[in-house]
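Peer 1: Position 267, counted from 1, in the sequence shown is what the numbering used here calls 481; the numbers after and before it change by one each time, with no gaps. Handing you this structure, nothing more for now.
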Amino acid sequence: MDVLGYSLNSLRLANLNFVDAESTRCSQLVRLKMNPDETHRLLQGRLGLSYDFVMSEDHVNERLQIERDSTVWSHSSCWFDAAHSSKGLTVDQRHKYGVVTLIDCRSLLDPVLNSHHLGFYHSGVMNTHDVSGGDKLWELAKRCYLAFSNAKNNNKHFIDMSDLNFLMCKAIDNPGLTPSSALRTACISVFEDPVIDDSNETYGELGVEDYVGCASVHGVGPSIAVFDTIRDGSLDSACVYPSPLHSRDQMQKFIDDMKRILVDSCVNMEEGEN
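Put into structure tokens, the structure is as follows:
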């Protein structure tokens with residue numbers, strides 16, 4: 215019996231097309247990178263605010279809010295747009311997609327834990343959205359944000375935590391009991407707060423030229439997990455996917471489509487077309 219799929223209602227959600235659902239899976243990674251100018255226009259285009267990428271105490275709260283409201287939700291939105299267009303659907307046809315947003319609960323616990331406290335203290339909120347080819351990026355981003363905000367305000371990330379953790383553990387322990395399609399619990403997962411990271415001289419002294427931060431669990435989860443980072447004023451997103459369920463060519467095309475949608479939407483905002 216497909217306990218996981220029925221419990222999460224994931225059987226009614228649209229999946230990305232599978233390339234190879236039989237072979238043993240491993241996690242692979244592709245990256246979505248935008249230069250400082252593109253990132254600046256993305257953030258400025260969403261909220262109409264200027265932003266100089268200077269990391270100071272006075273700017274921390276504003277910066278996190280800008281990045282949360284624009285980068286995370288525009289990622290979800292443009293991924294839905296890219297996934298929808300890949301199916302060759304007409305503009306009016308609609309599909310239902312799922313997004314899981316992971317929340318760092320350390321600041322919400324009693325006693326409060328600081329961000330340096332080791333351990334995994336994240337909980338997830340799952341939302342679904344009907345998407346058509348005619349939806350505009352920022353309107354869809356606003357829908358995603360409001361749905362998540364309402365769920366969080368109703369403590370859904372705490373109410374569902376024990377049940378979801380139990381189901382996930384059972385699915386991981388017994389993958390043969392759950393059909394492959396139901397193991398895709400959502401189209402995409404994102405984090406509520408992106409990582410803010412600026413280079414320093416220590417990296418060069420250690421010989422570090424490039425790095426990413428991500429994690430994965432084989433077998434059950436979203437089609438793609440996005441780990442957003444603003445590094446030196448540039449958006450750098452690590453996108454982890456199950457291979458060969460999805461191929462690298464397939465994922466790279468989606469990443470390219472996502473970047474195109476983001477950049478084009480910012481241009482349209484500047485021109486007053488969106």
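Ideal placement from N, C-alpha and C gives every residue a C-beta, glycine not left out. Source: prediction; values computed, not measured.
Residue ranges of each beta strand (DSSP E) run of no fewer than 3 residues wholly in the stretch 326-359, ordered along the chain?
Peer 2: Counting whole runs of 3 or more residues, the stretch 326-359 contains the beta strand (DSSP E) stretches 336-346.
Peer 1: Ile-402 and Ile-438: beta carbons closer than 7 Å?
Peer 2: Going by C-beta atoms, Ile-402 is nearer than 7 Å to Ile-438.
Peer 1: Since Val-313 contacts Val-404 with CB under 8 Å, what's their CB separation in whole angstroms?
Peer 2: That pair is a contact at about 7 Å.
Peer 1: Excluding five sequence neighbours on each side, which residues of the same chain lie with their C-beta closer than 6 Å to the C-beta of Arg-398?
Peer 2: Around Arg-398: Asn-229, Ser-437.
Peer 1: Is the separation between the beta-carbon of Phe-362 and that of Val-345 shorter than 7 Å?
Peer 2: It is not a contact, given that the beta carbons lie outside the stated cut-off.
Peer 1: Closer than 7 Å by C-beta to Phe-372: which residues in its own chain qualify, once you throw out the five before and the five after it? Chain order, please.
Peer 2: Result list for Phe-372: Ser-337, in chain order.
Peer 1: For Val-268, which residues from the same chain have a beta carbon less than 8 Å from its beta carbon, with the 5 sequence-adjacent residues on both sides left out?
Peer 2: Residue confidence for Val-268 is low, a pLDDT of 43 falling below 50, so the modelled location carries little weight and cannot support an answer.
Peer 1: Cα separation between Asp-411 and Asp-349?
Peer 2: The alpha-carbon atoms of Asp-411 and Asp-349 are separated by roughly 33 Å.
Peer 1: Under 8 Å, with one C-beta from each stretch per pair, do the stretch 438-455 and the stretch 320-330 reach the 3-pair mark?
Peer 2: Cβ pair count under 8 Å is below three, so no.
Peer 1: Between Ala-235 and Leu-381, what straight-line distance do the alpha-carbon atoms span, to the nearest angstrom?
Peer 2: Taking the straight line joining both Cα atoms gives about 21 Å.
Peer 1: Quick check on DSSP: helix, strand or coil for Gly-418?
Peer 2: Looking at Gly-418 - three-state DSSP - the assignment turns out to be helix.
Peer 1: Starting from Phe-405, trace the alpha helix (DSSP H) both ways and give me its first and last residue.
Peer 2: Unbroken run through Phe-405 is the beta strand (DSSP E), 398-405; no alpha helix (DSSP H).
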